[in-house]
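Take a look at the structure set out below.
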Amino acid sequence: MSYEFLQTLWFILIAVLWIGFFFLEGFDFGVGMLLPFLGKKDEERRAIINTVGPTWDGNEVWLLTAGGAMFAAFPHWYATMFSGFYLALFLLLVGLIIRGISFEYRSKDSNPKWRHTFDWMIAVGSFLAALLLGTAFSNLARGVPIDANMMYTGNLFTLLNPYGLLGGLTMITVFLLYGATFLTLKLEGDLRERARELSKKLYVVAAVVVVLLAVFTYIATDITSKIGIDPGFTPIASVVAIVVAIFFINRKMEGWAFITVALHIVLTQVAFFTLMFPRVMISSTNPAFSLTIYNASSSQYTLTVMSIIALIFVPIVLVYQGWSYYQFRKRISTDKKSLVY
Amino acid sequence: MDPITLSRWQFGLTTVYHFLFVPLTLGLSWFVVYFQTRYYQTRDETYHKSAKFWGKLFLINFAIGVVTGIVQEFQFGMNWSEYSRYVGDIFGAPLAIEALMAFFLESTFLGVWIFGEGKIPEKAHLASIWLVAIGSNLSALWILLANGWMQHPVGYIINEVNGRAELVDFFALISNPKGWLFFWHTVAAGLATASFFVIGISAYHIARKQNVDLFKRSFLTATIVGLISSTLVFFGGHTNGQFMFETQPMKFSAIEAHWETSAPADFSILTIGDLTGKQEVWSFRTSQIGIPGVLSFLACNNFECEVRGVYDIQAEYEASYGPGDYIPLMVVTYWTFRFMMTIGLAMMLFAFLFLLATRGKYENAKWMKWVPWVIVLPYIANSSGWILTEMGRQPWIVQGLLKVEDAVSPNLTTVDLLISLIGYTAVYGALAAAMFYLMKKYAIAGPDAAMHESVDVVTAAVGADD
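Chains as they are written, first to last, in the numbering used here: chain D, 35 to 375; chain U, 2 to 467.
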C-alpha cells in the first residue's frame, strides 16, 4: 500500500471515529442537557438516565479512540491541536469527568440534594462538552493561527470568535434536538409525550441555527475557493435531512425522526472532513503552514501496522457494540423495579 | 513557577491519582469474576451475594478510573506536545490499540453487566464480567508496553531528516521485556491490592459478626490470592531491578544512594544526603552489620559483581550526551523504593499470617478489628512504585533519547497551567470525597444492601420548583 494511500485511509478512519462519536455520544449529550428540565420527578430522571445507562461509556470510547488514532497516525495533528486548544480541552475534560461520574454515582445515594447535584453536573458537563467540541470543530474549519513550526500561536480567546461560538451553539441545539428525539424513541407514556413536545420546540431553534451556520460557513471558511458556491451533495443532503425531520416528528414517526437528525449530524461531519481534506489543521497565518495528512503523519511502517490492527478490531468492536444496543433496545419505563441507575 | 515544573506537577498528580484506582480495578474484577462463576456453577446464594457486594464496590472504584483515564490520554498532546511529535510514531500505536482493543471491551461489557442481569441470558451476563476483567487487564498491558518503551526504547530508528523516533519493528515494541516485566509486576500488584481490600473489608464484618459465612469465604480467598500475588510482585520487582541495572544503571544506583563504584556493592540501610541530593552526609550499610554484597545480589544475583556509582555514571553520561545533570532526585528514588519494598514484604508476611489464622477460630480474635487498616498498605506501595519508576528516569522522558525539558508544549503559559492544575486538583478532590463516601457506605452496609441496584429510599419529587 502506498504511503499516500495509507495517509488518506487514516484520515478517513479518524473521520469515521469522530463521526461515530458524534453519532452516538451526540444523543447522550442531548439527553444529559435535557435531564433536569424534562425529568420532574426522581423516577423520571432515573428513567432518562437509564436510556443511556448501559451504552454511554462505550460511546465515549469513540472519542478516546479518535484521540489515540490521531496520536498514532498524525502525531503533529494531535500535538498541535491538543496543546493549542489547551484550555478549551481542559474544560471539555472537566465536562466529561463530572458527567461520567454523575451517571455512575447519582442514584447510589437517596439524598435528594446528592441526586440534584449530580443531575445538574450531568447537564452542565454535557453542555460544556457540546459547546467546546462545536467551537473547536468550527475553528478547525475556519483556520487558527499556526506558525511555520506547526505551533499554535493563539490562546483560548482566539477560539471564541463569532463563527467558533456559532459552531458551539449549533452543536448544543442539534444535540438537544437529537437527545429529545432519542428520548421519544426510548421512553414511555407521559414522559415520551413530553419529550416529543419538547423536540418540536427544539426543532425550530436547531433548524434556524443550522441554516445560520451554513450561511456563515461561506463567509468564515475557504469553502468557495476550495469547493465552490455549489457545496455538492453532502452539505445539501445534511440540511435536507434536518428539514424533513419535522415532518416525522409531527407525525409521531419516532424512528424516522431520530434517523433524520442522526443523518444530519453524520452528513455535517462528512461535509466538515471533506472541506478539511487533505488538511488536518488550517493555518490562518499562512496557508503554507497548514498541517496536512502528508506533513503531519506517522511513518509508512506505523500506518501499515495500524491499518492491519484497525482492520481486525474495528469490525469486532462494531459487532459487539451493536449487539449491546440490540440487547437494550426496549423502551424504559418509570417503574422503579425496572430501573438500574 | 515555570511551565515545565507545573506540567510535571500536573502529570504527576493526575497520574498518581489515576493509579490509585487502577490497581483495584485490575484485581477486584477477577474477584467478581470468581464469585460470579462459582455462583453459576454451584447456585450457592452466598456466592451470588459476594459477586454483587464486591461488584458494587468495584463499580464505585471503576467509575473514577474511567473518567480520570480520559485526562491521561489527552494530556500527552496537551502538555507534552514536543514529546508527542517526537514519539508519536511509536508511542501512539499502543495507545490507539489500547482504546480499540481494551477500552471498547471493558466499557461496553461493563454496561452489559450492570444493566443485563435478568434481561440477557445468564451465560452472557457471566461472560460480560469476564470480558470486563480481560479488557481492563489488556488495557494495562498496552499502556505498560508504551511506558516500557519510554524506559527502554526498542524497535526504533532516529529519522535523520525530521529528527523524530520512528518505529521499524512492531514486534520488538510488543515484546519489550521491560513492558512485560511491568505487566507482571502491575497485574500482580493489582491482585494484591484487591486482596488486601477484600481482606480488610471482610475483617470489618467478621469482627462485627455480620454475614460471617460470606465474609469468611471472601477472607480465605483473598488471603490465598494475596499471598501468591504479593510473592509474585516481589519476584517481579526483583527481576525488574536486575533489568534496570542493565538498562537504566543510573536509576538503579540512585535508588540505592550508591555514590561510588564498588565490587562487591553494599546495600544501604539508611543514608542521609545533603539538601542538593547530590552528596552523601551519613550512611549505614549492610556490611556494617556483617553482610556485604547485598546490593550486588539485587543487581545480578551474586554477591560479588560490580555496581557502578552515580558519580561514574554521571561522568559517563556527560561524555555521551553532553554536559548536564543526569542524577535523579535521589531523596525521592531512595525513599520511595524503601516504602515500596518494606510494604511489599509486610504484605507477604501479613497474607501468610492471615492464611495461618484461617486454620483456627480467627473470627473471635481480638486483632480482627484492626485488620481493615491493611487496606492502606498496597496504596502506599503502588504510588511509591510509580513515583520511583518515573522520577528515577529523570531527566529523561524517553531514556537516552529525549529529555523532559525538551518535551513540554512550548506554547503553554504559567497562567494556562495554573488554571488547569488548580482545576484538576479541585475536581479530583471532590471526586475522591464522593468516592470515599460511597465506598464506605456500601462497604459497611454489606451484601444485603448491594442486592439492590440502587439504594432507593426516597420516593418524593426531586423538587417541585425545578
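Each residue gets a CB set at the ideal place from its N, CA and C atoms; glycine is no exception.
Original post:
Rounded C-beta distance between U/L101 and D/T99? I'm assuming under 8 Å.
Top reply: Looking up residue 101 of chain U in the second sequence gives position 100. Looking up residue 99 of chain D in the first sequence gives position 65. Sure, about 6 Å apart at Cβ, within 8 Å.
Original post:
Can you give the Cα-Cα distance for D/F347 and U/T272, rounded to whole angstroms?
Top reply: Within the first sequence, residue 347 of chain D is the residue found at index 313, counting from 1. Within the second sequence, residue 272 of chain U is the residue found at index 271, counting from 1. If you take the alpha carbons of D/F347 and U/T272, they lie about 51 Å apart.
Original post:
Buried or exposed: which applies to D/K260, given that a residue is buried once 16 or more other Cβ atoms fall within 10 Å of its Cβ?
Top reply: Here residue 260 of chain D is taken as the residue at index 226 of the first sequence, counted from 1. Per the 10 Å Cβ criterion, exposed.
Subject >> Where D/V277 meets chain U, residues with beta-carbon distance less than 9 Å >> reply: Taking the first sequence and counting its residues from 1, one reaches residue 277 of chain D at position 243. Here the premise fails: no neighbours, minimum Cβ distance about 33 Å.
**OP:** Name the one or two DSSP bridge partners that U/G274 has.
**Re:** In the second sequence, counting from the first residue as 1, residue 274 of chain U sits at position 273. Beta-bridge annotation (DSSP): U/G274 is paired with U/E281.
Subject >> Backbone secondary structure at U/A465 - three-state DSSP >> reply: Start at 1 with the first residue of the second sequence, and residue 465 of chain U comes out as number 464. Caution is warranted here: a pLDDT of 32 is assigned to U/A465, below 50, making its placement in the model unreliable, and the coordinate value is therefore given only provisionally. It is coil, neither helix nor strand.
Original post:
By how many angstroms is the C-alpha of D/F108 removed from the C-alpha of U/I61?
Top reply: Counted from its first residue, the second sequence places residue 61 of chain U at position 60. Counted from its first residue, the first sequence places residue 108 of chain D at position 74. Distance between the alpha carbons of U/I61 and D/F108: 35 Å.
Original post:
Where does U/Y327 fall in DSSP's three states?
Top reply: Here residue 327 of chain U corresponds to residue number 326 of the second sequence, with the count starting at 1. U/Y327: coil per DSSP, three-state reduction.
**OP:** Can you grab the Cα-Cα spacing for the pair U/K78 / D/M115, in whole Å?
**Re:** Here residue 78 of chain U refers to the residue found at position 77 when the second sequence is read from its first residue. Here residue 115 of chain D refers to the residue found at position 81 when the first sequence is read from its first residue. Sequence inspection shows Gly at residue 78 of chain U; the Lys mentioned does not correspond to that position. So the alpha carbons of these two residues sit roughly 8 Å apart.
Original post:
Roughly how many angstroms separate the alpha carbons of D/M104 and U/Y322, rounded to a whole number?
Top reply: Here the question's residue 104 of chain D lines up with position 70 in the first sequence. Here the question's residue 322 of chain U lines up with position 321 in the second sequence. The alpha-carbon of D/M104 is positioned some 31 Å away from that of U/Y322.
Subject >> Neighbourhood of U/W260 by C-beta, 7 Å cutoff - its chain only, sequence neighbours within 5 removed >> reply: Mapped onto the second sequence, residue 260 of chain U falls at position 259. Here the set comprises E281, G310, V311 and Y312.
Subject >> Beta-ladder partner(s) of D/Y186, from DSSP >> reply: Within the first sequence, numbered from 1, the residue matching residue 186 of chain D stands at position 152. Its beta-bridge partners are D/I180.
Original post:
So which of D/R176, D/D62 and D/T89 has the shortest CA-CA distance to D/S324?
Top reply: Taking the first sequence and counting its residues from 1, the one referred to as residue 324 of chain D is at position 290. It is D/R176.
Subject >> Cβ shell of D/S36 (< 7 Å), same chain only, five flanking positions each side left out >> reply: Taking the first sequence and counting its residues from 1, the one referred to as residue 36 of chain D is at position 2. Same-chain partners within the cutoff: there are none.
**OP:** Quick one: residues in its chain with C-beta nearer than 7 Å to the C-beta of U/A141, no 5 flanking neighbours on either side, listed in chain order?
**Re:** The sequence position of residue 141 of chain U within the second sequence is 140, counting from 1. Taken in chain order, the residues that qualify are L27, F184, T187 and V188.
Original post:
Can you tell me whether D/D76 is buried or exposed, with buried defined as 16 or more other CB within 10 angstroms of its CB?
Top reply: Looking up residue 76 of chain D in the first sequence gives position 42. Its Cβ being crowded by 16 or more others within 10 Å, D/D76 is buried.
Original post:
When you compare only the Cα positions, how much space is there between U/S231 and U/K53?
Top reply: Stepping through the second sequence from its first residue, residue 231 of chain U is reached at position 230. Stepping through the second sequence from its first residue, residue 53 of chain U is reached at position 52. For U/S231 and U/K53, the distance between alpha carbons rounds to 26 Å.
**OP:** Just confirm the distance between the C-beta atoms of D/L210 and D/G64, as a whole number of angstroms; I'd bet it's less than 8 Å.
**Re:** For this step, residue 210 of chain D is matched to residue 176 along the first sequence. For this step, residue 64 of chain D is matched to residue 30 along the first sequence. About 5 Å; that satisfies the 8 Å criterion.
Original post:
So which of U/P95, U/V72, U/S30 and U/F92 has the shortest CA-CA distance to D/L121?
Top reply: By 1-based counting over the first sequence, the position of residue 121 of chain D is 87. D/L121 has its Cα closest to that of U/V72, out of U/P95, U/V72, U/S30 and U/F92.
**OP:** Tell me, please, whether the CB atom of D/Q355 is closer than 7 Å to any CB atom in chain U?
**Re:** Working through the first sequence from its first residue, we reach residue 355 of chain D at position 321. Closer than 7 Å: yes.
Original post:
Taking DSSP as the reference, what is the three-state secondary structure of U/K367?
Top reply: Residue 367 of chain U sits at position 366 when you count from the first residue of the second sequence. It is helical.
Original post:
Taking one C-beta from the region 285-304 of chain U and one from the region 313-320 of chain U each time, how about it: are there three or more such pairs within less than 8 Å?
Top reply: At 8 Å Cβ cutoff, the stretches do not touch.
**OP:** Indicate whether D/F171 and D/G201 have their beta-carbon atoms separated by less than 7 Å.
**Re:** One-based indexing of the first sequence puts residue 171 of chain D at position 137. One-based indexing of the first sequence puts residue 201 of chain D at position 167. The answer is yes: Cβ separation under 7 Å.
**OP:** Spell out whether any CB of chain U is found under 7 Å from the CB atom of D/P88.
**Re:** Looking up residue 88 of chain D in the first sequence gives position 54. Yes, contact with chain U.
Original post:
In chain order, what residues of the region 92-103 of chain D put their CB closer than 7 Å to some CB of chain U?
Top reply: G92, V95, L98, T99, G101, G102 and A103
Original post:
Where do the N-terminal and C-terminal ends of the alpha helix (DSSP H) with U/E167 fall, by residue?
Top reply: Residue 167 of chain U sits at position 166 when you count from the first residue of the second sequence. From DSSP, U/E167 is part of no alpha helix (DSSP H) but of the beta strand (DSSP E) over A166 to L168.
Original post:
If contact means a Cβ-Cβ distance below 9 Å, which residues of the region 121-138 of chain D contact chain U?
Top reply: L121, L123, F124, L125, L126, L127, V128, L130, I131, I132, R133, G134, I135, F137 and E138
Original post:
Can you find at least 3 beta carbon pairs, one from the region 91-99 of chain U and one from the region 136-154 of chain U, that sit closer than 8 Å?
Top reply: Yes: the two stretches touch, three or more of their Cβ pairs being nearer than 8 Å.
Original post:
So is D/D143 buried or exposed if we call it buried at 16+ other beta carbons inside 10 Å?
Top reply: Within the first sequence, residue 143 of chain D is the residue found at index 109, counting from 1. It is buried - the Cβ of D/D143 has at least 16 other Cβ atoms within 10 Å.
Original post:
Between the region 379-393 of chain U and the region 239-257 of chain U, are three or more C-beta pairs nearer than 8 Å?
Top reply: yes
Original post:
Under a Cβ-count criterion, where at least 16 other Cβ atoms within 10 Å of its own Cβ denotes burial, should D/Q355 be classed as buried or exposed?
Top reply: Here residue 355 of chain D corresponds to residue number 321 of the first sequence, with the count starting at 1. Its Cβ being crowded by 16 or more others within 10 Å, D/Q355 is buried.
**OP:** On a CA-only basis, which of D/F71, D/Q361 and D/K370 is nearest U/F110? Give me that one, please.
**Re:** Here residue 110 of chain U refers to the residue found at position 109 of the second sequence. Among D/F71, D/Q361 and D/K370, the Cα nearest to that of U/F110 is on D/Q361.
Subject >> Residue burial classification, D/E288 (beta-carbon count within 10 angstroms, cutoff 16) >> reply: Locating residue 288 of chain D in the first sequence gives position 254, counting from the first residue. D/E288 is buried by the Cβ-count criterion.
**OP:** Less than 8 Å between the CB atoms is what I'm expecting for U/F92 and U/W150, so what's the real figure, rounded?
**Re:** Residue numbering aside, residue 92 of chain U sits at position 91 when the second sequence is read from its first letter. Residue numbering aside, residue 150 of chain U sits at position 149 when the second sequence is read from its first letter. Sure, about 6 Å apart at Cβ, within 8 Å.
**OP:** May I ask which residues mark the beginning and end of the alpha helix (DSSP H) holding D/M104?
**Re:** Translated into positions along the first sequence, residue 104 of chain D becomes position 70. Taken as a continuous stretch (DSSP letters only), the alpha helix (DSSP H) holding D/M104 covers W90 to A107.
**OP:** Mind checking which residues open and close the alpha helix (DSSP H) that includes U/I388?
**Re:** Your numbering for residue 388 of chain U matches position 387 in the second sequence. Counting along the chain, the alpha helix (DSSP H) containing U/I388 begins and ends at V377 to M392.
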